[in-house]
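Under my numbering, the residue at position 15 of the sequence shown is numbered 26, and the numbers go up by one with no gaps. The C-beta atom is built at its ideal place from N, Cα and C for all residues, glycine as well. Accompanying notes for the structure given below.
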Amino acid sequence: MTIPQQAISVLVVDNHPAMRDTLQLALSNVPGIEVTDTAADSVAMLAQLREREIDVVLMDVSMPGISGFEATRMVRAQHRAEVVMLSMDDSDCHRAQARLAGAKAFVLKATPLDELVQVIESVAAGNSCWPDT
12 MTIPQQAISV
22 LVVDNHPAMR
32 DTLQLALSNV
42 PGIEVTDTAA
52 DSVAMLAQLR
62 EREIDVVLMD
72 VSMPGISGFE
82 ATRMVRAQHR
92 AEVVMLSMDD
102 SDCHRAQARL
112 AGAKAFVLKA
122 TPLDELVQVI
132 ESVAAGNSCW
142 PDT
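In structure tokens form, the structure reads like this:
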């Protein structure tokens, strides 16, 4: 008898409603992943993390107020959730900032869903997903 694994809980954080809704809808159809909620900014995300345990936070790099980089540092310091940074900008600078902030992966928003799912599963399992690791 196999024991069913608990779904990976995901919190989607992006200031663009269309991006949040698209990610939530797409990931809700993936077996083994549960999008527990979404947040439009870092303040709302931190409040949600105080309310429940989350496995993986999908964090937009560019948000008003507290940036995705600073919010990632806060998540890593205060919660057990792992962070996957999302960006439209593939610059080395953004990748380096994400890594220094404590993100376990950096994914472009144009990444196909199956690749994003692989990253989420890998990060939830305790791995980092960087090109050189």
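Opening and closing residue of the alpha helix (DSSP H) in which residue i lies
i, result
"residue 39", "28-39"
"residue 58", "53-62"
"residue 125", "124-135"
Cutoff 7 angstroms; reference residue i; Cβ partners in own chain excluding five residues on either side
i, result
"residue 18", "43, 44, 45"
"residue 134", "67, 93, 95, 115, 116, 140"
DSSP beta-bridge partners of residue i
i, result
"residue 140", "116"
"residue 73", "Residue 73 pairs with nothing; no bridge assigned."
"residue 48", "22"
"residue 86", "Partner(s): none; residue 86 has no beta bridge."
Presumed contact (8 angstroms Cβ cut-off) between residue i and residue j, rounded CB distance
i, j, result
"residue 92", "residue 60", "6 angstroms"
"residue 79", "residue 70", "5 angstroms"
"residue 22", "residue 50", "7 angstroms"
"residue 26", "residue 74", "5 angstroms"
"residue 53", "residue 82", "4 angstroms"
"residue 139", "residue 112", "Not confirmed; about 13 angstroms, so no contact."
For residue i, the first and last residue of its enclosing beta strand (DSSP E)
i, result
"residue 98", "93-98"
Residues near residue i by beta carbon distance below 6 angstroms, same chain, minus five either side
i, result
"residue 56", "24, 50"
"residue 132", "none"
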